[in-house]
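Only one structure is covered here, and it is reproduced in the block below.
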DNA sequence: TATATACTTGAATGATCACTCAAGAAAGGC
DNA sequence: GCCTTTCTTGAGTGATCATTCAAGTATATA
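Chains as they are written, first to last, in the numbering used here: chain A, 659 to 851; chain B, 659 to 851.
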């Protein structure tokens, strides 16, 4: 009996994520969203409720996408291979609106005022770190990484290195791919005592 | 003949820097600045010209302060010792309004739209990297770091690690001091072959 | 003490912010 | 064709944005 919406909700969330990713929370106005999503304010609020609610959706989608890509790498190259190829992949910005991590950008922008969006970004980062740790444990089980390291410690450092890489990739005149290679090389050296 | 201003310009710039550092460019309104600097709009614009002009001043002061602290460390602990103690120092946030680097935050917030404030932050980061390289060269001259490494390459990686550390320090539930220790330990391993 | 020279004040500017809502348009079931 | 239900439209909300400026106040020199 009713009328169907004209938009593809999933595609809209992707568009919004790319916009928020590039310009940040405060840097993205509702007018920007209206233009990019091709929606009038009324439709926007009927569909998403608020700017913050949509941002939350994009944060979740961003994180889910990241884990999905890493898990795909693990299937293809094994746990250590995935951890080694992920850095280069993540700053290869063809098709990606920014090189820095959207979760990190959110924490930096909103973390100071204890915003709940920052808290959510933070928890996504922690889940990511957990996935890194799991891959390190699997690499240890396969004897590709020495057992004398603590997987959580390795994951914490790997996450930090990745965040640094992705900030560096946002700078001008920095060869971020070279840094990505160094991070991958560093993991190779974990194989033996 | 004239009347003297009631404010201490230097102190005001410090206050503004701390506010911008914590909340970022868009997150800091003129009302915030008026409150923190205890100035009415007229005085503010007479003194600084615009929000952007003041931000530029705070960016310069932030960068100058960073190089000064690192150079002081070098005098006290030598080039390698300075590079090793800098990471822990920089995330020891007692007295500092945020742990992440203000220059990095600015690049992340404004880098996408080719803002000139982001460009200035970027060039400050490059100057910092140059100082890191100089310290690595001195450490090599003193045989504390092996000569088979390229100082610029070491500096680029060090800068990236530092940026990652400082983003990590902004997160919840992350032992950033542990990461700082790992970075310092990593430098020790550069001494031989 | 008079005057020139700042500096300080705060109301007002137009623009933009996120958001609301009443009215109209489209699609199903009868 | 009619009615119900949902979606779309876009003008309008009050708040806040950075900025301006005319009027008032204080100081130093003459």
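Cβ atoms here follow ideal geometry from the backbone N, Cα and C, with glycine treated the same way. Fair warning: this is a prediction, and the values are worked out from it, not measured in the lab.
| Query | Result |
| --- | --- |
| List the whole-angstrom C-beta distance separating residue 686(B) from residue 673(B), where the pair is believed to meet the contact cut-off of C-beta under 8 Å. | Not quite, the Cβ-Cβ distance comes to about 11 Å (not below 8 Å), so this is no contact. |
| Quick one: what does DSSP say residue 724(A) is sitting in, helix, strand or coil? | helix |
| Can you give the Cα-Cα distance for residue 824(B) and residue 827(A), rounded to whole angstroms? | 16 Å |
| Using a Cβ-Cβ cutoff of less than 7 Å, which residues in the same chain neighbour residue 849(B) once the five nearest sequence positions on both sides are dropped? | 802, 803, 804 |
| So, using beta-carbon positions, are residue 836(B) and residue 745(B) closer together than 8 Å? | no |
| Output the boundary residues of the alpha helix (DSSP H) element that contains residue 697(A). | Run containing residue 697(A): none; DSSP gives neither H nor E here. |
| With three or more C-beta pairs closer than 8 Å as the rule, is the segment 732-751 of chain A touching the segment 786-798 of chain B? | no |
| Classify residue 731(B) as helix, strand or coil using the three-state DSSP reduction. | helix |
| Listed from N- to C-terminal order along the chain, which residues in the segment 780-792 of chain A have their beta-carbon within a distance smaller than 9 Å of any beta-carbon of chain B? | 780, 781, 783, 784, 787 |
| Just the C-alpha distance for residue 638(B) and residue 721(B), rounded to the nearest angstrom, thanks. | The displayed coordinates of chain B run from 659 to 851. Any statement about residue 638(B) would go beyond what the structure contains. |
| Hey, quick one: how far does the alpha helix (DSSP H) through residue 679(B) stretch, first residue to last? | 667-681 |
| Of the residues 771(A), 749(A), 767(A), 785(A), which one's Cα is nearest the Cα of residue 725(A)? | 785(A) |
| Under 8 Å, do residue 819(B) and residue 707(A) count as touching if we go by C-beta distance? | no |
| Using C-beta distances below 6 Å, list every residue in its chain close to residue 712(B), excluding the 5 sequence neighbours before and after it, in chain order. | 674, 706 |
| Taking Cβ positions, are residue 717(A) and residue 762(A) nearer each other than 8 Å? | no |
| Given that residue 830(B) touches chain A, what residues does it touch there, using C-beta distances under 7 Å? | 780 |
| Do residue 770(A) and residue 767(B) have their C-beta atoms within less than 8 Å of each other? | no |
| Quick one: Cα of residue 728(A) to Cα of residue 695(A), how far? | 28 Å |
| What does the Cβ neighbour count give for residue 772(B), buried or exposed, with the cut at 16 atoms within 10 Å? | exposed |
| Hey, residue 812(B) and residue 738(B): beta-carbon distance below 8 Å or not? | no |
| Going by the CB atoms, is the gap between residue 689(A) and residue 756(A) shorter than 8 Å? | no |
| Excluding five sequence neighbours on each side, which residues of the same chain lie with their C-beta closer than 6 Å to the C-beta of residue 782(A)? | 721, 761 |
| What residues from the segment 665-687 of chain A come within 8 Å of chain B, judged by C-beta to C-beta, listed N to C? | 680, 681, 682, 684, 685 |
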